[in-house]
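Enquirer:
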Amino acid sequence: MVKVTANQKITNISAIKEIVKKNNGIITAKEVSSAGIDSWYLTSMVKNNDLERVARGVYFDSNSNNYDELYFFQLRNKACIYSYQTALYLHNLTDRMPFINEVTVCQGYNTWRIKNDVEVHQIRKEWYKIGVTRVRTIIGNYVMSCDMERTICDLVRNRRRQDSEIFSKALRAYVRNPNKNVHRLREYAKQFGILLQVDDILEILDE
16 MVKVTANQKI
26 TNISAIKEIV
36 KKNNGIITAK
46 EVSSAGIDSW
56 YLTSMVKNND
66 LERVARGVYF
76 DSNSNNYDEL
86 YFFQLRNKAC
96 IYSYQTALYL
106 HNLTDRMPFI
116 NEVTVCQGYN
126 TWRIKNDVEV
136 HQIRKEWYKI
146 GVTRVRTIIG
156 NYVMSCDMER
166 TICDLVRNRR
176 RQDSEIFSKA
186 LRAYVRNPNK
196 NVHRLREYAK
206 QFGILLQVDD
216 ILEILDE
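Written out as structure tokens, the structure is:
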């Protein structure tokens, strides 16, 4: 146990609470270390029910209404980009919440730690960062996700594995979306080698 005076303890706990408040109820061990505070305080605050450990190195104020699994998962798995049905949900292109969240990583990424938590898609290194953007979750935190156009391309590339109803509704929702960027969609499709398929789908939806 770290030996500290009562005043030091109060000061450090107050500093942690300020970080938690600033982060809307969330704090990481890395943030505490960067502030020059020993991680022992996090353990102490968990024991006193001031904080809840929600993942390795990630802590949450249980009195906050900011419990966000998507955000927590990505805090500890930064290489994972939300994609497919999870990206559809984040972009409001489907109202069906995914049964299990989907992420995309580079080919060769070791998935053993996450394979039971999410559905993992692996992709070529040169395609990995195409269309990656920051999106707000329903709770209000920012996470990294494929943008709408990249998500549509992923669905088209892997059409046979998609739920036909979700696929159809997502495409129609995209076409109706005022923030869509068809030029960007076609540019991505060209890079993925699926421009003809995407153009055919757009033509049908425009009829």
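The sequence shown runs 16 to 222 under my numbering.
Cβ coordinates follow ideal geometry from the N, Cα and C atoms, glycine included.
#1: Which same chain residues, not among the five before or five after T119, have their C-beta less than 6 Å away from its C-beta?
#2: Go through the region 79 to 115 residue by residue and report every complete run of the alpha helix (DSSP H) that reaches 4 residues or more, in order.
#3: If distances are taken between C-alpha atoms only, which option among I216, R71, D162 and G40 comes closest to S54?
#4: The alpha helix (DSSP H) that contains R151, what's its start and end?
#5: When you compare each of V147, Q122, M159 and L105 to R91 by their alpha carbons, which one comes out closest?
#6: Take every Cβ of the region 120 to 133, pair it with every Cβ of the region 185 to 193, and state whether three or more of those distances are shorter than 8 Å.
#7: Can you tell me which of the three DSSP states I25 falls into?
#8: Under the rule that 16 or more other beta-carbon atoms within 10 Å means buried, what is G40, buried or exposed?
#9: Which whole-angstrom value is the C-beta distance of H198 and M163, which I expect to be below 8 Å?
#10: By DSSP, does Y124 sit in helix, in strand, or in coil?
#11: Is it buried or exposed, I25, if we count other Cβ atoms within 10 angstroms and call 16 or more buried?
#12: Could you check whether L66 and A185 sit closer than 8 Å to each other, using their CB atoms as the reference points?
#13: Applying the criterion that 16 or more other CB atoms from any shown protein chain within 10 Å of the CB defines a buried residue, is A21 buried or exposed?
#14: Along the beta strand (DSSP E) that carries Q137, what are the first and last residues, could you check?
#15: Check for me: the alpha helix (DSSP H) holding A44 runs from which residue to which?
#16: Return the chain-ordered ranges of every alpha helix (DSSP H) run that is complete within the region 171 to 198 and spans a minimum of 4 residues.
#17: Find out if the Cβ-Cβ distance for the pair N116, T101 is shorter than 8 Å.
#18: Decide if the region 195 to 209 is in contact with the region 164 to 174; the criterion is three or more beta carbon pairs, one per stretch, under 8 Å apart.
Expert: So, from the data block:
#1: Around T119: I96, S98, H136 and I138.
#2: Whole alpha helix (DSSP H) segments, 4+ residues: 84 to 91 and 99 to 105.
#3: R71
#4: Looking at the DSSP string, R151 is not in any alpha helix (DSSP H); the run it does join, the beta strand (DSSP E), is V147 to R151.
#5: M159
#6: The way I'd put it, the region 120 to 133 doesn't touch the region 185 to 193; fewer than three beta-carbon pairs between them come closer than 8 Å.
#7: helix
#8: By the Cβ neighbour-count rule, G40 is buried, with 16 or more other Cβ atoms within 10 Å of its own.
#9: 13 Å between Cβ atoms; not a contact.
#10: Residue state, collapsed to three classes: coil.
#11: exposed
#12: Between A185 and L66, the CB-CB gap reaches or exceeds 8 Å.
#13: With fewer than 16 Cβ atoms within 10 Å of its Cβ, A21 is classed as exposed.
#14: It spans E134 to I138 - the beta strand (DSSP E) in which Q137 sits, taken as one unbroken run.
#15: A44 to S49
#16: 179 to 191
#17: yes
#18: Short answer: they touch.
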